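K.L.:
The working numbering numbers the first residue of the sequence shown as 54 and each following residue consecutively.
Built from N, CA and C at the ideal position, the CB exists for glycine as well.
All figures in this text were calculated on a predicted structure; none of them were measured in a lab.
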Amino acid sequence: MSTKKILLTGGAGYIASHTAVEFIQQGYEVVLIDDFSKSDRTLLNGLEKITNTKIRFFEGDCRDEKFLDELFDREKITSVIHFAAYKSVNESVREPLLYYDNNLGSITTLLKSMKKFDVHEFIFSSSCTVYGQPDVIQVDESAPFKKAESPYGATKQMCERVLEDVTLANKNLKVISLRYFNPVGAHPSALIGEVPLGVPNNLVPYVTQTAIGLRQKLTAFGSDYNTPDGSCIRDFIHVVDLAQAHVMAAEKISQMPTNNEAFNLGTGDGVTVLELVRKFIEITGVKLNFEVAPRREGDIEKVYANPAKAKKLLGWQTKLSLEESLRDAWRWEQHLAANKK
Ligand code: WQD
54 MSTKKILLTG GAGYIASHTA VEFIQQGYEV VLIDDFSKSD RTLLNGLEKI
104 TNTKIRFFEG DCRDEKFLDE LFDREKITSV IHFAAYKSVN ESVREPLLYY
154 DNNLGSITTL LKSMKKFDVH EFIFSSSCTV YGQPDVIQVD ESAPFKKAES
204 PYGATKQMCE RVLEDVTLAN KNLKVISLRY FNPVGAHPSA LIGEVPLGVP
254 NNLVPYVTQT AIGLRQKLTA FGSDYNTPDG SCIRDFIHVV DLAQAHVMAA
304 EKISQMPTNN EAFNLGTGDG VTVLELVRKF IEITGVKLNF EVAPRREGDI
354 EKVYANPAKA KKLLGWQTKL SLEESLRDAW RWEQHLAANK K
């Protein structure tokens, strides 16, 4: 049993719920908070079934300082993993102020409250989107931040800048930013997974919703990129691999070279959109209705991780394949359909 007590913000969300499973199964005490603005209790219920534990959950907004102060005062948290953020690229273009207010307001309020209660371990859910279109396609953590492609991406860059400044001002605060590539898949139990709100923006939930009949057709955006088959290249990482990286980060956070480190979390392999679609069809046997269409505004052409730093300093690397990601994503979609209210 670890002596650390971990707060997961955005705890009812996709990545946080999978991360909570890994912490609980490693013997950690966890507390989850969520304001349910982009989620509901579905994943909390699944999480309790997988771990056979009653989850300590409190509904609240990370911009509510009173809520956070009372939580830190009561729960004696030792470490925070900050997942709570809005994450839709499209929505951020339509509603930039919503994104700046929520994503920046949450992290600054959280850090203020942590300071008051001397909580000094902070793991931040960042994204490869901070790089924009990198010059070196297999990108490492030393790559410069290009101009963000969306307000969503800009908030991730700004949050990392906030963390850079607060860790310079306060050597006691230890920060790790985890830059996710493209999280996909679901827990093998099919009791938790991705729950897109409305029409999915992301590729894999759109694929599985088309396969199950919720969507008429999948549109593959772009066939004229400078890639083997003309479609974009991404690094699709199984959400369970991603979740386990957070446990390693929490375990190693006080042994880092500096008090502010960032890590790429990806497989290190680039896969094209069409390769993924064809792999899905091959492993599921589903006749997926899809068409190739012009490029989607704001998409970068190709990026995938150089995950060497996480392997070296966290002792972490991915174990699960794209095939396992797609199988688990499909199993989760079928579970959702079978349990539709
Ligand atoms: C991947 C590729 C699309 C949908 C963004 C954020 C990142 C993270 C994940 C939050 C692109 C193509 C997609 C579809 C398609 N955010 N695609 N048809 O844009 O790489 O990353 O979401 O977790 O921070 O930047 O992910 O899944 O939207 O797109 O052809 O219906 O799939 O054009 O090439 P993206 P994505």
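Quick one: Cα of Ile108 to Cα of Asn342, how far?
P.N.:
As a first step, residue 108 must be located in the sequence shown, where it is residue number 55. As a first step, residue 342 must be located in the sequence shown, where it is residue number 289. Answer to the nearest angstrom: the Cα atoms are 40 Å apart.
K.L.:
Return the chain-ordered list of same chain residues with a C-beta closer than 7 Å to the C-beta of Leu216, the five sequence neighbours on each side being excluded.
P.N.:
Within the sequence shown, the letter at position 163 stands for residue 216. Hits under 7 Å: Phe177, Val228, Ser230 and Asn313.
K.L.:
Is Phe89 buried or exposed, if buried means 16 or more other CB atoms sit within 10 Å of its CB?
P.N.:
Residue mapping note: residue 89 aligns to position 36 of the sequence shown, counting from 1. Per the 10 Å Cβ criterion, exposed.
K.L.:
Out of Trp369, Ser374, Thr161 and Phe198, point me to the one whose CA is closest to Thr220's CA.
P.N.:
Here residue 220 is taken as the residue at index 167 of the sequence shown, counted from 1. If we check each option's Cα against that of Thr220, Thr161 comes out closest.
K.L.:
Contact between the stretch 184-201 and the stretch 315-331 is defined here as three or more beta-carbon pairs at a separation below 8 Å; is this criterion met?
P.N.:
As far as the Cβ criterion goes, the stretch 184-201 touches the stretch 315-331, which means the pair count is three or higher.
K.L.:
Tell me the DSSP secondary structure of Asp218 in three-state form.
P.N.:
By 1-based counting over the sequence shown, the position of residue 218 is 165. It is helical.
K.L.:
Evaluate Leu250 with the Cβ neighbour count: other Cβ atoms within 10 Å of its Cβ, from every protein chain shown; 16 or more gives buried, anything less gives exposed.
P.N.:
The sequence position of residue 250 within the sequence shown is 197, counting from 1. It counts as exposed.
K.L.:
Under 6 Å Cβ to Cβ from Val84, same chain only, skipping five residues before and after it: list those, please.
P.N.:
Here the question's residue 84 lines up with position 31 in the sequence shown. Once the five neighbours on either side are set aside, the close Cβ partners of Val84 are Leu60, Arg109 and Glu128.
K.L.:
With a threshold of 7 Å, establish whether the CB of Asn279 neighbours any heavy atom of ligand 1.
P.N.:
Within the sequence shown, numbered from 1, the residue matching residue 279 stands at position 226. Every heavy atom of ligand 1 is 7 Å or more from the Cβ of Asn279, so no.
K.L.:
Less than 8 Å between the beta carbons of Asp352 and Phe274, yes or no?
P.N.:
Position 299 of the sequence shown, counted from the first residue, corresponds to residue 352. Position 221 of the sequence shown, counted from the first residue, corresponds to residue 274. Cβ atoms of Asp352 and Phe274: closer than 8 Å.
K.L.:
Counting contacts by CB-CB distance shorter than 8 Å, is Gln262 in contact with chain C?
P.N.:
Here chain C cannot be found, since the structure has a single protein chain.
K.L.:
Tell me, which residues are paired with His291 by DSSP?
P.N.:
Along the sequence shown, one-based indexing puts residue 291 at 238. His291 is bridged to Val237.
K.L.:
Going by CA-CA distance only, name the one from Ile286, Tyr67 and Val257 that's closest to Lys355.
P.N.:
Taking the sequence shown and counting its residues from 1, one reaches residue 355 at position 302. It is Ile286.
K.L.:
Tell me the residue span of the alpha helix (DSSP H) that contains Arg348.
P.N.:
Along the sequence shown, read from residue 1 onward, the residue named residue 348 stands at position 295. Unbroken run through Arg348: none, as it is neither H nor E.
K.L.:
In terms of alpha-carbon separation, which member of Tyr205, Glu174 and Tyr152 lies closest to Thr311?
P.N.:
Walking along the sequence shown from the start, residue 311 turns up at place 258. For Thr311, the nearest C-alpha among the options comes from Glu174.
K.L.:
In terms of alpha-carbon separation, which member of Ala382, Leu97 and Cys115 lies closest to Ser259?
P.N.:
Counting from one through the sequence shown, the residue named residue 259 turns up at place 206. Correcting the residue type first, residue 259 is Tyr in the shown sequence and not Ser. Selected option, being the one with the closest Cα: Ala382.
K.L.:
Roughly how many whole angstroms lie between the Cα atoms of Ser307 and Leu226?
P.N.:
Walking along the sequence shown from the start, residue 307 turns up at place 254. Walking along the sequence shown from the start, residue 226 turns up at place 173. So the two alpha carbons sit approximately 10 Å from each other.
K.L.:
Judging by CA-CA distance, which residue of Arg384, Lys332, Leu163 and Trp385 is the nearest neighbour of Glu376?
P.N.:
For this step, residue 376 is matched to residue 323 along the sequence shown. Checked all of Arg384, Lys332, Leu163 and Trp385; the closest Cα to Glu376 is Lys332.
K.L.:
For Asn317, is the classification buried or exposed, using 16 other Cβ atoms within 10 angstroms of its Cβ as the cut-off for buried?
P.N.:
Here residue 317 refers to the residue found at position 264 of the sequence shown. With 16 or more Cβ atoms within 10 Å of its Cβ, Asn317 is classed as buried.
K.L.:
Which first and last residues belong to the alpha helix (DSSP H) in which Lys119 is found?
P.N.:
Taking the sequence shown and counting its residues from 1, the one referred to as residue 119 is at position 66. Per DSSP, Lys119 belongs to the alpha helix (DSSP H) from Glu118 to Glu128.
K.L.:
Apply the 10 Å Cβ neighbour rule to Pro187 and answer buried if 16 or more other Cβ atoms are within range, or exposed otherwise.
P.N.:
Here residue 187 refers to the residue found at position 134 when the sequence shown is read from its first residue. With 16 or more other Cβ atoms within 10 Å, it is buried.
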